[in-house]
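Student:
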Amino acid sequence: MLVRMRTYLPPLLLLAAVASSQADPQPIVTTDLLKLRTVTSIDVASDGSGVVFVVHAIATEPAADDDEGETYSYRSHLFLLDLLDIRATPRQLTFGKRLDREARFSPDGRRISFMRSDEEDDDGAQVWVMPVDGGEARQVTWLEHGVTSGSGKWAPGSEQILVRSMIRIDEMDGVPPFASERPRRTWDDAGPGTGSVPRPDGTRAEIRRSLAENAADKDPVVISRLDFQLEQELGGAPQFGHLFLVAADGSDADARRITDGFHDHGAASFMPDGRSIVYTANKTPGVHPDRLLGTDIWRINVDGTDDRRLLWIDGYTLEDPQPNKDGSLIAFAAQQLDEPAFRQRRLGLGSSEGLDGGEPIVLTPEQTFDASVYDFQWMPDQTAVLFTAAVRGGFPLLTVSPGLLEPASIVAQHDGQAIGVRVFDAAAGATVYAMTTPSQPCALMVRDSRGQRLAYDLNPWIADKVLSMPTEAWLVRPDGTRVQYWVMEPTGREAGTDYPLVLEIHGGPSAMWGPGEFTMWHEFQLLCSWGYGVAYCNPRGSGGYGYGFQRGNYQDWGDGPAGDVLGMLDQVMLKDWVDEDRLVVTGGSYAGYLTAWIVAHDHRFKAAVAQRGVYDLATFFGEGNAWRLVEWSMGGNPSDTRYRTIIDRNSPITYVNNIRTPLLIMHASSDLRTGISQSEMLYRSLKALDRPVEYVRYPDSGHDLSRSGPPHRRLDRLNRIIEFFERHVENSRPAPFER
């Protein structure tokens, strides 16, 4: 279905719109990526009078000096909207070359806290506070390593703010309660803080001190950890998140640390009386933190006393504790640990008195709601919990009450299509959320006693664009598996004309796509603008369809999911506009894997693009920071002979001799989630076989290049994919451009 986007205009503006309405609709082009704006956080004032939200965008500026062209950089700023006046427009609160995020009203409604980082900040974000009615923002934290996401929560009295910051193990007092994993070394034998003088030609102790100081500067990085890879750099020594309290007025530059020990403390919230804090941690004694999975809920007084484990469920990890208004109950997320790759993330509820108040319960049991919960919070009336979840191609906004244990939908569709609710908040009868639809990448919506309304159109330029709308269908596989999929026609499709088709595949493998998927909105529309149809599905192993479906790819990353994807393609090829001789395929991460797997087993494609994929699971076990997926999905690791055959059988590199489809391989040089040797092994193997292959490696970028990498590289990536396809499909359609 094709639609030209138009918005309603009041009668007085109709005359001025005549010329515009008669103009040709504009195609989506590559650089439209630079125009996209999205909401990344929302906070409604406790009295429901207003909402503060963060808008994330890309800024375009002339290149410095005499260089031609433009430079691009990310910006995030705060906006304030009056919710009492339905005609109100948002007012921008912060400006400049900054990333401002996670804004929160103080309980008294007079101030807003937020996290800020500038382009020059090497030590991460700090917390700032600004008055709601205008005035300059004031920095209130100066922590050496900055603050982490989730910082900036107000104490009930509006006088203090809770933050979290990382502390390196060598910066902490005392000796860790777990053994050093360096062979025949202990924590206290020549660390940087020992009494020896560092000398490269000294005694054994002095040499060790010299080596320790070099390692402290990461020159070189000494690795003895199990989890030694971050996203784009090596992890070095362990770090632990600790909780701090700071004065909200900035009167005291020193943050007061309230947690202690060699443990990570996360996801903290004040109890309503302001006297204590609940947080998550795993304090299993004697175990290195890299070997711990899961957390329990703990409670500590604001003065650092009475730190105790409060809630736990054997065999589960409990996360993100959120007390209700009277402090009697705590909502949390819970997930079983026996099969982390497949178990659904559920909502739980426990007493603030701990297990003395009764065993915790699950609000979304598998019997009534077999889906993974994402964000959640208490409803304003405290009778239910508001949450989002991955459900059959959408991220609806739902609610569930402790009495019913039966989730109900608040909003799930727009114009008959599943939506994606990105962020939300609710207070005093007002619910505000940001949603993605096929016709709008991000819209700020309000629901209150006056109904539902569009409060802010973040991307009004789309009104003059011609878009392709997805159509939904289902496929039943021979084994009975039902697969949901969508098809988008080329924009401007003419009857009787054949068009090329792009088979797009999602990663994860437990991710889920649908019409409300923001990360693919522009790419899908761009491909349609170039004259390609787009087909995508959620094969077995995807999220959104329950535990059984997600576990459907256990020890089967290749044949089963590929069969689902190709089965969908067989159905789509029955459409009279699809040219069966001009099919192409692409995907990233696990979908890079599946792209390579497919072209090694099916030769109908004219071209393929495998992005940031894994192709040799045995190597991936050692190279990627997502290495646990091998154990969780294949049953064991490559050194275990019981599983090595399974791992090799599921590795695309095993079938590289069968690949004859022209293949573009793309990877980012700093990607430590999947690792570039994956792509280089595939490329070298194909090149040695003299197969048609090309390899593109982006510098100084990580696994998320396509979603959050440097904007100019994101543009390059899109155009390289399209250009590679264009070489092989003989597309006669002119390139889209702004008229």
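Positions in the sequence shown are counted from 1; adding 3 to them yields this note's numbering.
Even glycine gets a Cβ: it sits at the ideal position worked out from N, Cα and C.
Only a predicted model underlies this, so the values are computations on that prediction, with no experimental measurement involved.
Taking the alpha carbon of P512 as the reference point, which residue from L400, W145, I300, T677 has its own alpha carbon closest?
Tutor: T677
Student: How about G396 and A415: are their beta carbons less than 8 Å apart?
Tutor: no
Student: Using 10 angstroms around the beta-carbon of I89, count the other beta-carbons present and answer buried if the total reaches 16, otherwise exposed.
Tutor: exposed
Student: Quick check on K468: buried or exposed, where buried means 16 or more other Cβ atoms within 10 Å of its Cβ?
Tutor: buried
Student: Check this for me: beta carbons of F108 and A158, under 8 Å apart or not?
Tutor: no
Student: Would you identify the three-state DSSP class for R114, choosing helix, strand or coil?
Tutor: In the structure shown, R114 sits in a strand (DSSP, three-state: E or B).
Student: Taking the continuous alpha helix (DSSP H) assigned at M523, which residues delimit it?
Tutor: Its alpha helix (DSSP H) spans residues 521-532.
Student: Let's test the definition: count the other Cβ atoms within 10 Å of the Cβ of S24 and tell me whether it reaches 16, buried, or not, exposed.
Tutor: Low per-residue confidence applies at S24: pLDDT is 44, beneath 50, and the placement is therefore not dependable enough to give any value.
Student: Assign D276 to buried or exposed, taking buried as 16 or more other Cβ atoms, counted over all protein chains shown, within 10 Å of its Cβ.
Tutor: exposed
Student: Would DSSP call E184 helix, strand or coil?
Tutor: Shown here, E184 sits in coil according to DSSP, grouped into three states, outside any helix or strand.
Student: Do three or more CB pairs link the segment 699-715 to the segment 494-506 at distances below 8 Å?
Tutor: no
Student: Please report the straight-line C-alpha distance between R348 and D323, rounded to a whole angstrom.
Tutor: 12 Å
Student: Does the Cβ-Cβ distance between I508 and L597 come in under 8 Å?
Tutor: yes
Student: What three-state label does DSSP hand F1 in the structure shown?
Tutor: Residue numbering for the chain in the displayed model covers 4 to 742; residue 1 lies beyond these limits and cannot be assessed.
Student: From P739 to G595, what distance separates their C-alpha atoms?
Tutor: The alpha-carbon atoms of P739 and G595 are separated by roughly 27 Å.
Student: In its own chain, which residues sit with a C-beta less than 7 Å from the C-beta of D126, not counting the 5 before and 5 after it?
Tutor: E147, H148, G149
Student: Going by DSSP, what residue range makes up the beta strand (DSSP E) through Q487?
Tutor: Here the beta strand (DSSP E) through Q487 covers 485-491.
Student: Within a Cβ cutoff of 7 Å, which residues of the same chain sit near A270, ignoring the five residues on either side of it in sequence?
Tutor: G153, Y282, T283, E322, D323, P324
Student: Using a Cβ-Cβ cutoff of less than 7 Å, which residues in the same chain neighbour D373 once the five nearest sequence positions on both sides are dropped?
Tutor: Q347, G549, Y550
Student: I'd like the ranges of any beta strand (DSSP E) spanning at least 3 consecutive residues and lying wholly in the segment 633-716.
Tutor: 666-671, 696-701
Student: Which residues does DSSP pair with G244 in a beta bridge?
Tutor: M169
Student: What do you get for P493, buried or exposed, if any count of 16 or more other CB atoms within 10 angstroms of its CB means buried?
Tutor: buried
Student: Suppose you measure from the CA of H268 to the CA of D309; what does that come to, to the nearest Å?
Tutor: 15 Å
Student: Take the Cβ of L2 as the centre, count every other Cβ of all protein chains shown within 10 Å, and call the residue buried at 16 or more, exposed below.
Tutor: Beyond the ends of the chain as shown, which are 4 and 742, falls residue 2; an answer cannot be given.
Student: Using only the alpha-carbon positions, how far apart do A629 and M382 sit?
Tutor: 35 Å
Student: If I'm right that A106 touches V57 with Cβ under 8 Å, what's the distance once you round it to whole angstroms?
Tutor: 6 Å
Student: Quick one: what does DSSP say M175 is sitting in, helix, strand or coil?
Tutor: coil
Student: For G239 and A538, I'd like the C-alpha separation in whole angstroms.
Tutor: 42 Å
Student: Does S213 come out as helix, strand or coil in the three-state DSSP assignment?
Tutor: Residue state, collapsed to three classes: helix.
Student: Give me, in chain order, the residues of the same chain whose beta-carbon lies closer than 6 Å to that of A437; leave out the 5 immediate sequence neighbours on both sides.
Tutor: V42, R425, V426, C445, L447
Student: With a threshold of 8 Å, are at least 3 pairs of Cβ atoms found where one atom belongs to the segment 109-119 and the other to the segment 131-143?
Tutor: yes
Student: Between the Cα of Y557 and those of R543, L86, R723, A498, spot the shortest distance and give me the residue it belongs to.
Tutor: Out of R543, L86, R723, A498, R543 has the C-alpha closest to the C-alpha of Y557.
Student: Which word fits H755, buried or exposed, when buried means at least 16 other C-beta atoms lie within 10 angstroms of its C-beta?
Tutor: With the chain represented from 4 up to 742, any question about residue 755 goes unanswered, as that position is not in the structure.
Student: Quick one: residues in its chain with C-beta nearer than 6 Å to the C-beta of V732, no 5 flanking neighbours on either side, listed in chain order?
Tutor: P503, R585, K609
Student: Can you name the start and end residues of the beta strand (DSSP E) that G423 belongs to?
Tutor: 423-430
Student: What do you reckon, are the CB atoms on A744 and D173 nearer than 8 Å?
Tutor: No answer is possible for residue 744: the residues shown for the chain start at 4 and end at 742.
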